[in-house]
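Visitor: Residue 21 in full-length UniProt numbering is what sits at position 21 of the sequence shown, and the numbering runs on without skipping anything.
Ideal Cβ positions, reconstructed from N, Cα and C, are used throughout, including at glycine.
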Amino acid sequence: MTQLRWLLRAKRWAQNPPSKARVKFVFAIIAVCVALYGVEKLVGLPDWMQVNGASKIKVRPAP
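(1) The alpha helix (DSSP H) spanning L36 covers which residue range?
(2) If you draw a straight line from the C-alpha of P17 to the C-alpha of V23, how long is it?
(3) What span of residues does the alpha helix (DSSP H) with A14 cover, start to end?
(4) What is the rounded straight-line gap between the Cα of S19 and the Cα of Q50?
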């Protein structure tokens, strides 16, 4: 059933493709995400984004 839905969506997308501006916008967002990932891998995370260890909340299993 979902394959048929995807085929219908692909047909609609082929008949009415997105504008060049929308395609550029999507590629720009992807480029920003890749750039942020690269900066994170090269430089690392700032101290305020680091995890400080385990939380102090202890969960007990139900009896």
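Guide: This is what the structure holds:
(1) K20 to V43
(2) 10 Å
(3) T2 to Q15
(4) 40 Å
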